[in-house]
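Residue numbers (the working numbering): 3 to 253. Backbone N, C-alpha and C fix where the C-beta goes; we use that ideal spot for every residue, glycine too.
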């Protein structure tokens, strides 16, 4: 990704020139599925504008509870639309700041290069010990995984083998470590520029789960933070949207 980042950084320098001001720092709560893209975006932002992002990764549901309890985040990059909308309704956000920054894709992935077939028939075969997924209560990708199992009429058969992670990040770790042979994770966690990093996967058809539309919102704590303003500008820019697409998201 380094040549891509270099190209994007150069393109963004002009974009951020008018909003740099004094270098600042923003506290950003980021859904775990977006871990790699936000690191790349933070690198671009710091090099182009001098601003730094302090990134906290986790599940969207837990962030909701933390923000309602006064956690000093400036921006939330959620894995759904409902949580930012709820915070907006509760008066905890900058009015008019909510927007969709990405639409995620769910995959069935294994660290074993021979385990997951291109049609996902491994689920029907049921010849594995553990299948990981994220908690549907706090992780939208976990809710999507449950929808897939329901649509395939496999939930009852697979339930005894399910291992639940607190977030999509922990779910990925279960599979990567071998504690679960396979699991439902985000496409962005296992590919770069459309290419699988390792293992085997099935890109689950969109017809099997509701679109994972991911919204960002500026929280009241970050309303006057120049680093926040610069980040939002970047997320709206075509160059950064191309970067996000390279991690397997739709815009």
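#1: Taking the alpha helix (DSSP H) that residue 173 falls in, what are its first and last residues?
#2: Are the CB atoms of residue 174 and residue 150 within a distance shorter than 9 Å?
#3: Could you give the distance in angstroms between the alpha-carbon of residue 217 and the alpha-carbon of residue 243?
#4: Is it buried or exposed, residue 152, if we count other Cβ atoms within 10 angstroms and call 16 or more buried?
#5: Of all the CB atoms in chain D, is at least one closer than 9 Å to the CB of residue 156?
#6: What does the Cβ neighbour count give for residue 254, buried or exposed, with the cut at 16 atoms within 10 Å?
#7: Looking at the unbroken beta strand (DSSP E) that takes in residue 185, where does it start and where does it end?
#8: Is it the case that the stretch 202 to 214 contacts the stretch 161 to 181, given that we only count it when at least three CB pairs across the two stretches are under 8 Å?
#9: Apply the 10 Å Cβ neighbour rule to residue 24 and answer buried if 16 or more other Cβ atoms are within range, or exposed otherwise.
#10: Identify the continuous alpha helix (DSSP H) that holds residue 244 and give its terminal residues.
#11: Straight-line CA distance for residue 35 to residue 228?
#12: With distances taken Cα to Cα, identify the nearest neighbour of residue 82 among 240, 125 and 61.
#13: Count Cβ pairs between the stretch 120 to 128 and the stretch 233 to 253 that sit closer than 8 Å; are there 3 or more?
#14: Any idea if residue 253 is buried or exposed, counting beta-carbon neighbours within 10 angstroms, 16 or more meaning buried?
#15: Between residue 156 and the rest of its own chain, which residues show a CB-CB distance below 6 Å, the 5 nearest in sequence each way excluded?
On the basis of the data shown:
#1: Stepping through the chain shown from its first residue, residue 173 is reached at position 171. In this chain, the alpha helix (DSSP H) harbouring residue 173 covers 170 to 179.
#2: Locating residue 150 in the chain shown gives position 148, counting from the first residue. Locating residue 174 in the chain shown gives position 172, counting from the first residue. No, Cβ-Cβ distance for residue 150 and residue 174 is not below 9 Å.
#3: Sequence index remark: in the chain shown, residue 217 carries index 215 (1-based). Sequence index remark: in the chain shown, residue 243 carries index 241 (1-based). Going by the C-alpha atoms only, they are around 14 Å apart.
#4: Position 150 of the chain shown holds residue 152. Per the 10 Å Cβ criterion, exposed.
#5: You won't find chain D in this structure, because it holds only one protein chain.
#6: Not covered by the structure: residue 254. The range shown for the chain is 3 to 253.
#7: As a working mapping, residue 185 is identified with position 183 in the chain shown. Looking at the DSSP string, the run of the beta strand (DSSP E) that includes residue 185 is 184 to 188.
#8: No, because fewer than three Cβ pairs between the stretch 161 to 181 and the stretch 202 to 214 fall closer than 8 Å, the two stretches do not touch.
#9: Within the chain shown, residue 24 is the residue found at index 22, counting from 1. Exposed, by the Cβ-count rule.
#10: Counting from one through the chain shown, the residue named residue 244 turns up at place 242. Its alpha helix (DSSP H) spans residues 240 to 248.
#11: Along the chain shown, read from residue 1 onward, the residue named residue 35 stands at position 33. Along the chain shown, read from residue 1 onward, the residue named residue 228 stands at position 226. Cα to Cα, the separation comes out at about 26 Å.
#12: Looking up residue 82 in the chain shown gives position 80. With distances taken between Cα atoms, residue 82 lies closest to 61.
#13: Result no; under three Cβ-Cβ pairs closer than 8 Å.
#14: In the chain shown, counting from the first residue as 1, residue 253 sits at position 251. Its Cβ having fewer than 16 others within 10 Å, residue 253 is exposed.
#15: Numbered from its first residue, the chain shown carries residue 156 at position 154. Within its own chain, the residues whose Cβ lies closer than 6 Å to the Cβ of residue 156, once the five positions on either side in sequence are excluded, are 125, listed in chain order.
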